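Presented below is the structure to which this report refers.
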């Protein structure tokens with residue numbers, strides 16, 4: 175679910191990055207690809223491919239694991255990634271399926287992910303809870 179409490183990027187006008195299109199040019203695939211790298215650990219929740227029709231297909235690589243997404247399997251273009259843990263520096267890569275000569279193109283619209291707190295942040299949070307808990311008076 176890309177809607178709830180997730181950070182992410184989207185292709186709406188004025189946002190960065192803008193939509194990246196994968197299209198056919200005279201029957202030939204335009205060899206475009208999109209790569210998103212993360213500067214901290216994240217849980218990759220999903221992708222939304224706009225205009226992902228029944229004849230479209232894409233090669234998707236998430237943290238080094240590749241799979242083929244087809245419009246028949248994901249007709250709404252919402253592709254779940256199952257809270258895939260990506261370490262800092264890992265990437266999500268989307269490219270046109272070179273075996274596809276029937277699709278009419280699609281765009282990357284959203285990457286949904288949840289940032290994983292840095293270990294130091296969790297230690298400070300825990301320490302803060304201990305300090306607050308121990309400062310209360312006992313009757």
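Residue numbers (this note's numbering): 175 to 313. All C-beta atoms in this analysis are idealised placements derived from N, C-alpha and C, irrespective of residue type, glycine included. Quick caveat: nothing in here was measured; it's all calculated off a predicted structure.
Short check: CB of residue i to CB of residue j, under 8 Å?
i	j	result
residue 253	residue 233	no
residue 237	residue 264	yes
Using a Cβ-Cβ cutoff of less than 8 Å, which residues in the same chain neighbour residue i once the five nearest sequence positions on both sides are dropped?
i	result
residue 274	203, 229, 230, 231
residue 214	262, 289, 290, 292
residue 242	231, 232, 233, 234, 271
residue 257	217, 218, 219, 288
Roughly how many angstroms separate the alpha carbons of residue i and residue j, rounded to a whole number?
i	j	result
residue 277	residue 211	27 Å
residue 267	residue 206	11 Å
residue 246	residue 239	21 Å
residue 250	residue 259	24 Å
residue 283	residue 223	6 Å
How about residue i: is its C-beta nearer than 8 Å to some C-beta of chain C?
i	result
residue 270	The question asks about chain C, but that chain is absent: this structure has only one protein chain.
Who are the near neighbours of residue i in its chain, counting only those whose CB is closer than 7 Å to its CB and skipping five residues on each side?
i	result
residue 248	226
Tell me which residues share the same chain as residue i and place their Cβ nearer than 6 Å to its Cβ, disregarding the 5 neighbours each side in the sequence.
i	result
residue 280	196, 223, 225, 226, 230
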